[in-house]
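Top line first, the protein sequences correspond to chains A and X. According to my numbering, the first sequence holds residues 3 to 471 in order. According to my numbering, the second sequence holds residues 2 to 632 in order. Heads up, the beta-carbon is just placed ideally off N, CA and C, and yes, glycines get one too. Given the structure is predicted, the values throughout are model-derived calculations rather than measurements.
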Amino acid sequence: MERKETPPPEGDIIAAIGTAWGEAGIAIVRISGEGSRELAGKFLSLAVPLEDTPPRFLRNGSLLDDKGDPIDQVLAVWFAPPKSYTGEELVEIHTHGGTLVARKCLDLLLCGGARLAEPGEFTRRAFLSGRIDLTQAEAVLGVIRSRSDEALRAAVRTLRGELAEFARDIYNEILALSGSLEAALDFPEEDLPSGEEDELVLAIQAVEQTLRDLLDRCATGLLLREGIRVAIVGRPNVGKSSLLNALLKESRAIVTAIPGTTRDLIEEVITCRGVPLRLIDTAGMGPPSDEAEAMGISLAEGVFQDADVRIWVVDGSVPLHPDDLKLAERLPGREHVVAVNKSDLPPGAAEGGRTTAEFVADLLPGSTVLSISAKENRGIEMLKDDILAAIAGGGTLEAGLNASARQVEEIRSAAGFLKDAAETLSAGMGQDVAASSLGEARRAMERLLGIEKDDTLLDYIFSQFCLGK
Amino acid sequence: MILFEKKYDCIVVGGGHAGCEAALAAARMGMAVLQLNLFLDNTGHMPCNPSIGGPAKGHLVREGSALGGEQAEAADSSAMLIRWLNTSKGPAVQALRAQCDLREYAAHFLLAIESQKNLDVRQELVTDLWVEDGAVRGVRTKYGYTYGGRTVILAPGTYLSGKVYIGTESFFSGPLGQIPSLDLPASLRTHGLEMGRIRTDTTPRLHLDTLDLPSLQQQGSAEKPLAFSLWREGAVHEGYFCYLTRSTQETHDVIRENLSRSPLSMGWMEGAGPRYCPSIEDKVLRFPEKESHLLFLEPVSRGNKEVYIQNFSTSLPLDVQTAMVRSLPGCERAHITRPGYAIEYDYVNPLQLTPSLEIKKISGLFCAGQINGTSGYEEAAAQGLLAGVNAALKVRGEDPLILSRSEAYMGVLVDDLVTRGTQEPYRMLTSRCEHRLLLRHDNADRRLAPLGRKTGLLGDEKWNFLLARWKRIDGERERLEGVRLSPSDELNSELAALDSAPLREPALAGDLLRRPRVPYSLISPFLPGGEALSEDEGHALEVEIKYGGYIDRQRRQVTRLEKMEEVLLPGDLDYGAIKGLLAESRQKLAKVRPRTLGQAGRISGVTPADIQLLSIYLNSLRRREPCEGTK
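Structure (structure tokens):
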């Protein structure tokens, strides 16, 4: 499927997944703007089509892919303006079967001409159309700021490691192609190294193919590697590894080790109520030498800061250690859950007493603290619920889901522009036209990688080419 | 101080490319204008290469012509050779470049200035601004006068605390040999302007008779008549050539051996130089792997024998320059007539300007040209023209002329300066324009002449000339979209020669023109009846039709952005009152004070979320205010 031109904004059609990541219940995809009903109708086969259905009437039917094959059973409803959340024509599609279907549905709508909503855009439209009154305006500002920050964090999170490196390589290739073409257009009287046009076409096509491969990988599972980063932190020997094993054992979904992401850190992916969680055990760091230990500590520190949620594991069979207290001081203000482990063991006789969940709860007011036994698998299910609750509180789940949809959209759009550029050149329609398409591809990749707009192209040209007047 | 007896609408300080365009535009719009120039013989002077045009720069010249500017006339009337560049690279980047006679070019401007009604010109050295209550009232000068003016346009070029560097020597100077303007910068600082330091360099000039020209490859003028101006027929130029030579290993060795005497490599100069036009020593240092650099030897005037060395600017000592020059093929016996040098000067941080080029904190004070951090005659003239028009509009009490980024290179130039500022001399480049396919040389008249007409710079004669031109092109367009061409051996053999598929059945002439490579000139002989367009008009039509799909696509992108450009931000908006803005964005917004929401979005570091917050805040302001007039 190729991307299509999107119509003008304010009134253009926006779409997003409106519910959080998870297997439980349903996921809702929202579409707003004039023509939403018609667009959604293209991918729905309902007992009675939406256009013949009165507003606010729930219909049962199938979601169809771009070839017309059914994907899933869904419910659909439309709202007529101005009586909808945004005040515009609005459609909701309720999908079953978890977020993968919702993602597919969103993907279809984006390919059909909808634009992925900006963070907070549904609320903004609600305000602009007068559905939200003036006294709520400041609340709207707050929603937009926080949604954008979440989206930014989520984007950074999903684009890490191997994928980020890969995307950056592709970006650099596009920048080089774009830069040499633009330099030749702006400095025709310089003796710049100029390739033949057909070589350029081949080079552009090669990058396009790489992007298409990347899209395929995104569709077939790379996205599972995104997810919420959960750091298991605590002093040595409090049971961090046992907890990791307990969480892995319990998980009913795929368990994958991610090779080569972070050296010296053990990272596993599980899905928990449909939410992909990346569990990172900071216990993997052995201290064979001082140098290695120092490196391990800085890695653990990075994980502690970047994680979406932290599980602080405490050994309940002994009193708190001064190192525990140091860590505890850093938790407020960061999403976390406390697991008081080893509830199976009797209190350490020699040490004089144990650490109870109540004691820790007093130490960290407002924190979720629970007593578990990793060894005997006690309290693990509750811990999972608490982890999800901690993340959901910050709205991170929804942002994460839409962030990855946005990234896929940028990759698709970059590939489409590269195709245009190659076709333009092959047809002999001018390097300047092709350069514009390359520029669009470059900007899509910049958005994907979060590169600030400004002068990247000119910086590249002036650093790579020796130019005179 | 004596107050001069006449009060002016507009006082222009400077007589270069910006100053002349500004003075002419304001006077032609009926303003009483005074132009003050510290040396009248320097009116329209070209202290670097007397070349006009090239990609982006040539676009600016043509746009100036469409708005009623003078630079295109000066360039055409003084051209020694002229040619098209980038003809094989697509419709948007094709541009003219001319080598001009610097004396004839300057003479054209001087005569235009002296002949212009409403315009007084005088040799004076401006030392001080006269400002009262946040508004400019006039200027004071070295020779004892105070001149009163409703508006003042500053176009002092490189003269503000200008300092020339040649090797270990440095001294205050305008372009080599000229007196600098040393008092005015202090006055500008006193009035609260934020100033910076910036630098540019030029090359040594050689005596033509000491060059071995027959040994060098030469480049002549185009054989077809060409012109920048919309109002000229175009001319063929003969008898003058540019010559190609290259730097050698020896040149590079000489440079490397003498770096201890280079103001550039020794760090003696504080201003930042242009990255796109580095001096030859900079190139040798930054690109050590490059064994040779392409150079052009170019005539500067019919009236004398000096030759300019393009791509060879330097601030090394004169003895080193001599050795460098003599290491170039064809220049073994060359005699240097004047040395190359670097010049460093003060500029005004352009973030202090509104998009009409007026200083935000001093009403009626405009700046144009190198004072705003740009380089190039074309960039200067473009700003001068806009500043002159806007000063006149201000006096008239009308809305300023602000061109958008999708409307003109001039719009991009000004928007970049006032939204993002510049730390190095700013040069116009086609790659700075995101809507390049819309901003073509061939449609500059359609884009801008209606605005030139509205301001009053285009008289009836010029306007009617354009109306007739557009009528011919539009008529021909209709004809092409209505006429079907039948296959014939003659037509098909012409198509075959271009590697284009033969016609099997009748086809729309317009569709044939949409094919890649098929020119209008191939189709026009097969059209029944009617008169074919001239080459120039035919080209304009061909581009519109052939690239229609691409052009439409960019236009749709523009439509999408235009909504943001239409939302005006109040000049006194309190950015501190908007909740949720990032501290850095708040600071930048307060400094730039963008005119529209679109401009706000182009400030570096301002995020899309900030823009959404701004838009909502504006909306809530509007709802709070009761509608005026009704009820």
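Applying a beta-carbon distance threshold of less than 8 Å, which residues of chain A neighbour residue i?
| i | result |
| --- | --- |
| Lys90 of chain X | Ala186, Leu187, Pro190, Gly432, Gln433, Asp434 |
| Phe288 of chain X | Cys468 |
Taking C-beta to C-beta, are residue i and residue j nearer than 8 Å?
| i | j | result |
| --- | --- | --- |
| Asp202 of chain X | Gly274 of chain X | yes |
| Ala28 of chain X | Gln95 of chain X | no |
| Thr456 of chain X | Leu402 of chain X | yes |
| His87 of chain X | Pro190 of chain A | A quick correction: the sequence has Asn, not His, at residue 87 of chain X. Yes, the pair counts as a contact, with Cβ atoms nearer than the cut-off. |
| Gly54 of chain X | Ala99 of chain X | yes |
| Glu91 of chain A | Ser38 of chain A | yes |
| Leu543 of chain A | Leu420 of chain A | Residue 543 of chain A lies beyond the range of chain A shown here (3 to 471); nothing can be said about it. |
| Leu103 of chain X | Pro51 of chain X | yes |
| Leu245 of chain A | Leu440 of chain A | no |
| Lys7 of chain X | Met429 of chain X | no |
| Glu307 of chain X | Arg206 of chain X | yes |
| Asp416 of chain X | Glu333 of chain X | no |
| Ser280 of chain X | Ser314 of chain X | yes |
| Ile95 of chain A | Leu65 of chain A | yes |
| Leu41 of chain A | Ile15 of chain A | yes |
| Thr204 of chain X | Pro318 of chain X | no |
| Glu199 of chain A | Leu427 of chain A | yes |
Helix, strand or coil: how does DSSP classify residue i here?
| i | result |
| --- | --- |
| Phe173 of chain X | strand |
| Glu297 of chain X | Reading off the sequence shown, one finds Phe at residue 297 of chain X, where the question assumed Glu. Of the three classes helix, strand and coil, the one that applies to Phe297 of chain X here is strand, per DSSP. |
| Ile546 of chain X | helix |
| Leu386 of chain X | helix |
| Ser47 of chain A | strand |
| Cys274 of chain A | strand |
| Asn391 of chain X | helix |
| Gln124 of chain X | strand |
| Gln95 of chain X | coil |
| Ser494 of chain X | helix |
| Asn38 of chain X | strand |
| Ile134 of chain A | coil |
| Tyr241 of chain X | coil |
| Glu359 of chain X | strand |
Starting from the beta carbon of residue i, find every residue of chain X whose beta carbon is closer than 8 Å, and list them in chain order.
| i | result |
| --- | --- |
| Leu450 of chain A | Ordered by position in chain X, no residue passes the 8 Å Cβ test against Leu450 of chain A, which lies about 15 Å from the chain. |
| Ala429 of chain A | Pro517 |
| Phe464 of chain A | Arg276, Tyr277 |
| Val203 of chain A | Chain X residues near Val203 of chain A: none, gap ~14 Å exceeds 8 Å. |
| Pro121 of chain A | Ala610 |
Can you tell me which of the options puts its alpha carbon nearest to the alpha carbon of residue i?
| i | options | result |
| --- | --- | --- |
| Leu562 of chain X | X:Asn259, X:Tyr548, X:His436 | X:His436 |
| Asp134 of chain X | X:Ser302, X:Leu366, X:Pro517 | X:Leu366 |
| Glu22 of chain X | X:Glu125, X:Leu155, X:Arg138 | X:Leu155 |
| Phe45 of chain A | A:Leu111, A:Thr55, A:Pro57 | A:Leu111 |
| Val316 of chain A | A:Ile73, A:Pro348, A:Leu390, A:Gly236 | A:Gly236 |
Only counting the same chain, and skipping five residues up and downstream in sequence, which positions put a Cβ closer than 8 Å to that of residue i?
| i | result |
| --- | --- |
| Met565 of chain X | Thr597, Leu598, Gly599, Gly602, Ile612 |
| His323 of chain A | Arg237 |
| Gln218 of chain X | Tyr244, Leu245 |
Note down, in chain order, each residue of its chain lying with its Cβ closer than 7 Å to the Cβ of residue i, except the 5 sequence neighbours on either side.
| i | result |
| --- | --- |
| Ile463 of chain A | Gly181, Glu184, Ala185 |
| Leu4 of chain X | Thr147, Gly149 |
| Lys377 of chain A | Ser244, Asp346 |
Determine the chain X residues that contact residue i at a beta-carbon separation under 9 Å, and present them in chain order.
| i | result |
| --- | --- |
| Asp200 of chain A | The contacting residues do not exist; Asp200 of chain A stays about 14 Å from chain X at best. |
| Phe129 of chain A | Ile617, Asn620, Ser621 |
Beta-carbon within less than 6 Å of residue i's beta-carbon, same chain only, minus the 5 sequence neighbours each way: which residues are those?
| i | result |
| --- | --- |
| Gly288 of chain A | Residue confidence for Gly288 of chain A is low, a pLDDT of 37 falling below 50, so the modelled location carries little weight; the figure read from the coordinates is stated next. Once the five neighbours on either side are set aside, Gly288 of chain A has no close Cβ partner at all. |
| Ala324 of chain X | Val255 |
| Leu102 of chain A | none |
| Ala228 of chain X | Asp77, Gly235 |
| Lys242 of chain A | Ile234, Gly236, Asp283, Ala285, Val315 |
| Thr458 of chain A | none |
Which bits of chain X does residue i rub up against, with CB to CB less than 7 Å?
| i | result |
| --- | --- |
| Asp326 of chain A | What Asp326 of chain A touches in chain X: nothing, since even the nearest Cβ is about 36 Å away. |
Counting only Cβ pairs nearer than 7 Å, list the residues of chain B close to residue i.
| i | result |
| --- | --- |
| Lys284 of chain X | Here the protein chains are A and X, and chain B is not one of them. |
Give the residues of chain A in contact with residue i, contact being defined as C-beta atoms less than 7 Å apart.
| i | result |
| --- | --- |
| Arg437 of chain X | Asp434, Ser438 |
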